[in-house]
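Protein chains in written order, with this note's numbering: chain R, -11 to 141; chain Z, -11 to 141.
Notes follow the structure.
Number of protein chains: 2
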Amino acid sequence: MLQLLGEFECKIDAKYRLRLPAGLISQLNSPAPPTFVINRGFEQCLMLYPEGVWNRISEEVNQLNLYNQQNRAFVRYFYRGAQKVTMDSADRILINKRLLDYAGIDKDVVLSAYNDRIEMWAVDAYEQILANEPNDFSELAESVLGGKNNPDL
Amino acid sequence: MLQLLGEFECKIDAKYRLRLPAGLISQLNSPAPPTFVINRGFEQCLMLYPEGVWNRISEEVNQLNLYNQQNRAFVRYFYRGAQKVTMDSADRILINKRLLDYAGIDKDVVLSAYNDRIEMWAVDAYEQILANEPNDFSELAESVLGGKNNPDL
DNA sequence: TTAAAAAAAAGTGGTAGAAAGTGGAGTAAT
DNA sequence: ATTACTCCACTTTCTACCACTTTTTTTTAA
């Protein structure tokens, strides 16, 4: 089970390539050059899933009966343009222009890894969302993690 | 079992031909030039099924008793103008004008592959459908992907 | 403890080959 | 004769690989 961690600032070059930081690649303990699935995430970011993680998740989604309207909407939204990306020989992945536009990414990017996945943000969007959190963070923690005497906090 | 994936932006030429992206063709692991069945999809898109997938699906529908009025209506709706399309020597398929009209496709198209099939959308229609989250998304996610704090979302 | 050397990581660009895009002409069908 | 489809040829764009420079970190030795 993956336990990714870390926040990395990276740059996207003129050819829409993003080099993955060595500190992140090493966490994947993948023997071959790692492959990912990338798609649109919530709140204007992109999500990067190690291939194995994506497969595990999508397997369940693919069980859904697609004659059901609600299910179709769900599957579409779940995928949100997911596509496979592979690293080149210089540890870079090529990112679709459409996806970059979605996240408002121009050049400067923050990668934020947690659990088994990686979020990709435009730097300014990331800073903005972090700046807004603290106000309601404790409230949020309370409702997410249960009672205010939760030992986990 | 096919596990298609990917979002591709393509153009339809003046002769209503669509070149299938190499990244998609390679996923079909079909030795001969692949054949598809195309028909009207739900929600203003066209559906492209690899021939084998279509055969599997239509087989079930063909079990229905056609002397039943309701069954006939369903079958008609199921087929919705389905037709076989084959790739030409330049990896293009010719798409019926009536189908293109149905999906409001002029020139720019997004192919979105998931599970064992491919959806074909007019670019603007696609962006619109992705723009809003289905209102019951999180509930569905809960029932499909398990617990209420499921990390898979 | 510091400085120099070495190694790793980050950043950049060129290029060959593949893929995408486009048009024309020949053939078949109506 | 006109339309519709298929094949063929060509140009442009893209992308994966390779090579190189700069920066940062680690190691080694004075």
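Heads up, the beta-carbon is just placed ideally off N, CA and C, and yes, glycines get one too.
- When DSSP states are grouped into helix, strand and coil, Asp79 of chain R belongs to the coil group.
- Assignment of Phe66 of chain Z by DSSP, reduced to helix, strand and coil, places it in the helix class.
- Here the C-alpha atom of Leu6 of chain R lies approximately 13 Å from the C-alpha atom of Leu34 of chain R.
- No Cβ-Cβ contact shorter than 9 Å links Leu52 of chain Z with Val41 of chain Z.
- Ranked by Cα distance from Leu(-7) of chain R, the options R:Gly11, R:Ile0 and R:Lys(-1) are led by R:Gly11.
- Between the beta-carbon of Phe24 of chain Z and that of Glu39 of chain Z there is about 6 Å, and that keeps the pair under the 8 Å contact cut.
- In chain order, Leu6, Arg7, Pro9, Val97 and Leu99 place their CB closer than 7 Å to the CB of Cys(-2) of chain R, counting only its own chain and leaving out the 5 sequence neighbours on each side.
- Apart from the 5 residues on each side of it in sequence, Ile93 of chain R sits with its Cβ closer than 6 Å to the Cβ of Ala110 in its chain, given in chain order.
- Sequence-distant partners of Arg60 of chain R (beyond 5 residues in either direction) whose C-beta falls short of 8 Å from its own C-beta, in its chain, are Leu54.
- Non-local beta-carbon contacts of Tyr114 of chain Z in its own chain, meaning distances under 6 Å to residues more than five positions away in sequence, involve Val98 in chain order.
- Our two residues, Gly29 of chain R and Pro21 of chain R, have alpha carbons roughly 24 Å apart in a direct line.
- Taken in chain order, the members of the stretch 108 to 132 of chain R whose beta-carbon sits within less than 8 Å of a beta-carbon on chain Z are Val132.
- Taking 9 Å as the cut-off, the beta carbon of Ile26 of chain Z is found no closer than this to the beta carbon of Ile117 of chain Z.
- Interface with chain R (9 Å Cβ-Cβ cutoff): Leu8 of chain Z is excluded.
- The beta-carbon distance between Ile0 of chain Z and Lys95 of chain Z, rounded to whole angstroms, is 5 Å. This is short enough to meet the 8 Å contact definition.
- Any Cβ of chain Z closer than 9 Å to the Cβ of Arg86 of chain R would place that residue at the interface, and such an atom is present.
- In terms of Cβ geometry, Ala101 of chain Z and Gln15 of chain Z form a close pair [threshold 9 Å].
- Close to Tyr90 of chain Z, with beta-carbon spacing below 9 Å, lies no residue of chain R; the smallest spacing is near 17 Å.
- Taken through DSSP and simplified to helix, strand or coil, Gly(-6) of chain Z comes out as strand.
- One alpha carbon belongs to Tyr65 of chain Z, the other to Leu(-10) of chain Z, and they sit about 25 Å apart.
- For Ala20 of chain R, the closest Cβ of chain Z is not nearer than 9 Å.
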